[in-house]
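So the structure is just underneath, and the comments pick up after that.
Residue numbers (my numbering): 174 to 728.
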């Protein structure tokens with residue numbers, strides 16, 4: 174594969190990938206696990222391995238982002254600790270791997286990411302608009318904010334920025350909720366955990382699943398309210414939970430994402446909660462109203478709350494609005510909410526087939542992504558149980574579980590194809606977070622998955638680029654530098670496809686923020702429309718396929 178940079182006639186920076194492109198209808202791609210050969214060696218730590226307490230069960234996440242601005246996706250993986258020495262003991266909270274042509278070098282020490290403790294999620298954004306991407310870690314203990322110095326190193330700034338929250342932060346996402354040009358931060362909290370006051374698994378005060386003693390929670394424990402922090406633009410953040418309208422809800426938050434669900438150019442917020450209704454905050458000019466129950470996106474079709482964990486957002490049915498997929502616990506299904514418009518959703522899980530084999534599994538990291546570049550968004554789910562000895566209780570569910578991949582048929586239905594894909598997706602792990610991005614810049618989407626008690630898996634997409642594709646890297650100028658919240662639509666092959674630039678998503682993870690579209694056998698995009706975070710719209714005509722295009726606002 175040869176890589177060339179040039180400038181096309183629209184003044185757009187283009188990364189050309191010259192390689193063979195096959196016709197539509199060829200075999201599905203393969204997904205070998207190449208983590209070891211790529212240099213990903215971090216063995217995940219999340220408790221002592223027996224999961225005696227709930228804090229040990231939730232796992233960790235990962236992020237694809239370009240921290241050194243060299244055009245390829247680097248990788249950060251968060252790490253936990255044990256309860257032996259307290260929340261701030263243990264090894265480094267994260268490992269940073271520099272992408273060197275598709276191989277990864279551990280640069281954690283050189284980058285000065287040396288905080289020790291128990292991390293969970295990572296979300297990425299250039300919060301100070303200096304052209305270098307920063308990241309935030311949620312934790313059991315103080316959360317961390319790492320500012321990118323632009324020279325390969327980071328500086329921890331959470332305390333100075335007002336973000337060193339000591340509550341158990343489960344997940345996070347950046348989004349410019351008030352459209353002032355600086356990304357704000359939503360932090361989902363799980364529950365109030367204190368090892369000294371919560372019963373250990375196996376004691377009389379805890380609970381059982383059949384004859385199996387399991388850890389206490391989340392039911393019966395005290396949930397902690399989420400927080401929305403406003404970016405002041407001077408390097409600090411203010412808690413605006415009350416004034417923005419998101420306070421008053423203390424649920425067991427695990428998943429969070431910003432997305433404009435009603436197309437009004439103001440980013441809304443969706444939160445997946447464990448064992449209680451999910452939340453949907455409608456953004457009305459910078460202030461939110463919680464409309465989860467009214468919208469139909471808080472409960473499933475049967476009016477039941479589920480154990481929401483991971484969130485995928487994307488236009489799976491091709492009608493140019495954003496749909497929602499939520500992963501849930503075993504003995505239940507994951508849930509697909511179709512966006513009907515005007516902030517109304519319908520649970521179409523059964524009709525779509527999007528969870529046909531999910532019932533024995535515990536779902537975590539997930540995404541809508543076009544794995545075979547046919548122009549329709551498929552689904553990926555990482556699975557793994559929370560009870561290490563569940564195998565002794567039932568043959569139906571296991572601690573280590575395979576992934577789930579659903580191929581979009583293009584008619585609002587999905588087919589499960591995991592067993593048909595060559596590679597290692599059927600190899601069982603107890604997986605948690607998953608991040609999605611084109612780490613080798615070959616035009617198809619790869620997946621990194623964090624596995625409890627093991628090294629991560631890096632599933633390289635081999636063959637997804639048989640079909641044509643296009644990707645966009647958006648750079649904001651009047652708005653936030655990463656263009657988080659921008660919406661992009663392309664007209665190609667008689668269809669319109671839509672995508673957004675987002676920070677966070679999946680489960681405890683952050684995806685490649687370049688917006689990727691599969692094109693099938695189409696070789697030219699007829700028109701590209703970008704609505705920038707401030708609401709301005711720009712249009713570009715006749716862009717060739719099979720390239721990454723950088724669009725800078727106003728140029």
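C-beta atoms are modelled at their ideal positions from N, C-alpha and C, and glycine is treated no differently.
Discussion item. Using C-beta distances below 8 Å, list every residue in its chain close to residue 394, excluding the 5 sequence neighbours before and after it, in chain order.
Written reply: So the list reads 227, 364, 365, 366, 371, once near-sequence residues are dropped.
Item to complete: Report the rounded CA-to-CA distance for residue 412 versus residue 402, giving the unit in angstroms.
Response: If I take the Cα positions, the gap works out to 4 Å.
Worksheet entry | Beta-carbon gap between residue 668 and residue 491 smaller than 8 Å | Against a cut-off of 8 Å, the Cβ pair of residue 491 and residue 668 comes out as a contact.
Worksheet item: Quick one: what's got a C-beta closer than 6 Å to residue 180's C-beta in the same chain, skipping five residues either side?
Response: For residue 180, the predicted model reports a pLDDT of 36, less than 50, meaning its position is unreliable; a value from the coordinates is still stated below. Here the set comprises nothing.
Item to complete: Give me the Cβ distance between residue 350 and residue 456, rounded to the nearest whole Å; I'm assuming they're in contact under 8 Å.
Response: The C-beta distance from residue 350 to residue 456 rounds to 6 Å, short enough to fall under 8 Å.
Worksheet item: Bridge partners of residue 309, per DSSP?
Response: Looking at the DSSP assignment, residue 309 forms a beta bridge with 296, 318.
Worksheet entry | Minimum C-alpha distance to residue 274 - residue among 716, 714, 614 | When each option's Cα is compared against that of residue 274, the closest is 614.
Worksheet item: How many angstroms separate the CA atom of residue 418 from the CA atom of residue 439?
Response: Taking the straight line joining both Cα atoms gives about 15 Å.
Practice prompt. Put residue 229 into one of helix, strand or coil per three-state DSSP.
Written response: In this structure, residue 229 counts as helix in the three-state DSSP scheme.
Practice prompt. Answer yes or no: do residue 626 and residue 681 have a C-beta to C-beta separation smaller than 8 Å?
Written response: No, the pair does not count as a contact, with Cβ atoms beyond the cut-off.
Discussion item. So for residue 638, helix, strand or coil by DSSP?
Written reply: Here residue 638 sits in helix by DSSP.
Discussion item. Is it buried or exposed, residue 573, if we count other Cβ atoms within 10 angstroms and call 16 or more buried?
Written reply: Residue environment for residue 573: buried (at least 16 other C-beta atoms within 10 angstroms of its C-beta).
Worksheet item: By how many angstroms is the C-alpha of residue 718 removed from the C-alpha of residue 196?
Response: Unreliable placement is indicated for residue 196, whose pLDDT of 34 sits below 50; the coordinate value is still reported in the next sentence. Taking the straight line from one Cα to the other gives about 14 Å.
Practice prompt. Please report how far the alpha carbon of residue 161 lies from the alpha carbon of residue 347, in whole angstroms.
Written response: With the chain running from 174 to 728 in the structure shown, residue 161 is simply not present.
Practice prompt. Output the boundary residues of the alpha helix (DSSP H) element that contains residue 415.
Written response: For residue 415, the uninterrupted alpha helix (DSSP H) segment begins and ends at 414-417.
Practice prompt. Have a look at residue 295 and residue 234 and give me their C-alpha separation to the nearest angstrom.
Written response: Rounded to the nearest angstrom, the two C-alpha atoms are 7 Å apart.
Discussion item. For residue 541, tell me which candidate among 519, 577, 529 has the shortest Cα-Cα distance.
Written reply: Closest by alpha carbon: 577.
Worksheet item: Since residue 241 contacts residue 325 with CB under 8 Å, what's their CB separation in whole angstroms?
Response: With a Cβ gap of about 6 Å, residue 241 and residue 325 count as contacting.
Discussion item. Residue 245 and residue 612 - do their beta-carbons sit closer together than 8 Å?
Written reply: Inclusion of residue 612 and residue 245 in the CB contact set at 8 Å is warranted, their separation being smaller than that value.
Worksheet item: What residues in its chain sit with their C-beta under 6 Å from that of residue 320, if we drop five residues either side in the sequence?
Response: Correct list, in chain order: 307, 328, 330.
Worksheet item: Sorted by chain position, which residues of the same chain lie with C-beta nearer than 8 Å to residue 283's C-beta, five sequence neighbours on each side aside?
Response: By the criterion of a C-beta distance shorter than 8 Å, residue 283 is surrounded in its chain by 325, 326, once the five residues flanking it on both sides are discounted.
Worksheet entry | Short Cβ contact (8 Å threshold) for residue 380 with residue 256 | Result no, Cβ atoms of residue 380 and residue 256 do not sit closer than 8 Å.
Worksheet item: Which residues share a DSSP beta bridge with residue 394?
Response: Bridge partners of residue 394 according to DSSP: none are assigned.
Worksheet item: Using a Cβ-Cβ cut-off of 6 Å (strictly less than) and excluding sequence neighbours within five positions of residue 609, which residues of its own chain qualify?
Response: Correct list, in chain order: 540, 542, 618, 620, 684.
Fill in: Which of helix, strand or coil DSSP assigns to residue 475
DSSP, read as helix, strand or coil, puts residue 475 in coil.
Discussion item. Taking the alpha-carbon of residue 672 as reference, which of 476, 630, 659, 534 has the nearest alpha-carbon?
Written reply: Looking at 476, 630, 659, 534, the one whose alpha-carbon comes closest to that of residue 672 is 659.
Worksheet item: Quick one: what does DSSP say residue 276 is sitting in, helix, strand or coil?
Response: Strand.
Fill in: For residue 264 and residue 221, the rounded distance between their alpha carbons
Within the model, the alpha-carbon separation for residue 221 versus residue 264 is close to 14 Å.
Worksheet item: In whole angstroms, what is the alpha-carbon distance linking residue 478 and residue 509?
Response: About 14 Å.
Fill in: residue 225 versus residue 288: straight-line alpha-carbon distance, rounded
In a straight line, the C-alpha of residue 225 is about 25 Å away from that of residue 288.
Worksheet entry | Cut-off 7 Å between Cβ atoms - residues of its own chain near residue 536, not counting five sequence neighbours on either side | So the list reads 482, 483, 500, 501, 507, 554, 556, once near-sequence residues are dropped.
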